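Visitor: Quick note: the sequence shown uses this note's numbering, first residue 25, plus one each step.
Take this structure first; my questions come after.
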Amino acid sequence: ETASVTVKYYDATGAEVFTSGHTIEVDDVLSVYMPDVSGVSAGEYSMVISSSQPVAASSTFGDIDSRASYSGFDAGAQSWFIPGIYDNYYAYYSEVYAQNVSGALVDMTLSIYAPGSSTAVYTNTKNDVPANASVLWSQAGLAELDNNIAYSARVSSTGDIVALTNIYGSGTTAKQLYSFNGFSSGGKKFYTPVLMKNYYGWNAAIAIQNTSMSIASVTVSYSTG
């Protein structure tokens, strides 16, 4: 059926700065291009999309020479896992965003782990984050993180949140920008449909994080399809 959609924008204080209503026909797409949203001034915001019918949402961002995208979240959790965290990992860096979707003030904590260790090398807490607001942790320049080491992270909260990670390059890799959703839970089997080794110059890597409280034995099986 036709969907009635409400889009609400929130600033870092959790204040609602703008609301717009839309109608989406069956199988149609609503495109919201931020420079055309006159009710929102320049800055960084979080969004809540409400609909009378099931919808899917994704966000794309970037500048003149780079783009990245991630999927919207349809549910929050009190813990999120991030398999790839970098502070000058061969000129790559990361940053973690988390949004409060609980409806009340929450405390959010980012914990970063070195390979092979269950003890956090870095921990930081954002206290009293307002409902619907987002916070940012940047890993660039953290004294606790070493260069060229791939870390992992966990974002925990006193209420439901959602979390994602951006990865960007510097120097000769400056135009590269990536984004991916955090994982609210792990699983015992995952499928990765695209892996490349020198495929017309393209290569791939997989970051696997143990989300359990026990040591995990992991097997990676490759198939040509």
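Every residue, glycine too, gets a C-beta built ideally from N, C-alpha and C.
On a predicted model such as this, the values are computed, not experimentally measured, just so you know.
Leaving out five residues before and five after Ile232 in sequence, what residues of the same chain have Cβ atoms less than 7 Å from its Cβ?
Guide: Pro107, Val242
Visitor: Return the Cβ separation of Thr37 and Ala157 in integer angstroms, given the expectation that the two are a contact with Cβ distance under 8 Å.
Guide: Right, the Cβ-Cβ distance comes to about 6 Å (below 8 Å), so this counts as a contact.
Visitor: With a CB to CB cut of under 7 Å and the five nearest residues on each side skipped, what residues in its chain are close to Asn151?
Guide: Asp131
Visitor: Is Val159 near the ligand FMN, in the sense that its beta carbon is under 6 Å from a heavy atom of that ligand?
Guide: By its list of ligands, the structure shown contains no ligand whatsoever, and the ligand FMN lies outside what it can speak to.
Visitor: Any Cβ of chain D within less than 7 Å of the Cβ of Glu119?
Guide: Looking at the structure shown, chain D is missing, and only one protein chain is on hand.
Visitor: Considering only residues of the same chain and omitting the five flanking positions on each side of Leu166, which have a CB-CB separation below 7 Å?
Guide: Asp111, Tyr146
Visitor: Where do the N-terminal and C-terminal ends of the beta strand (DSSP E) with Trp104 fall, by residue?
Guide: 101-109
Visitor: Could you tell me which residues DSSP puts in a beta bridge with Thr216?
Guide: Answer is none; Thr216 lacks a bridge partner.
Visitor: For the beta strand (DSSP E) that Gln123 lies in, which residues bound it at each end?
Guide: DSSP places Gln123 in the uninterrupted beta strand (DSSP E) bounded by 116-124.
Visitor: May I ask you to report which of helix, strand or coil DSSP gives Gly67?
Guide: coil
Visitor: Would you say Val120 and Trp161 are within 7 Å of each other, going by their C-beta atoms?
Guide: yes
Visitor: Skipping 5 residues on each side, what residues in its chain have a beta carbon closer than 7 Å to that of Ala138?
Guide: Val145, Ile173, Tyr175
Visitor: Taking only three categories from DSSP, how would you classify Met58?
Guide: helix
Visitor: Can you give the Cα-Cα distance for Ser83 and Tyr34, rounded to whole angstroms?
Guide: 16 Å
Visitor: If you drop the 5 nearest sequence neighbours on each side, which residues of the same chain put their C-beta closer than 8 Å to that of Ala81?
Guide: Ile73, Ser95, Gly96
Visitor: Taking Cβ positions, are Thr26 and Glu49 nearer each other than 7 Å?
Guide: yes
Visitor: Drop a sphere of 10 angstroms on the beta-carbon of Ala99, count the other beta-carbons inside from all chains shown, and report buried for 16 or more, exposed for fewer.
Guide: With a threshold of 16 other beta carbon atoms within 10 Å, Ala99 falls short and is exposed.
Visitor: With DSSP collapsed to three states, give me the class of Thr47.
Guide: strand
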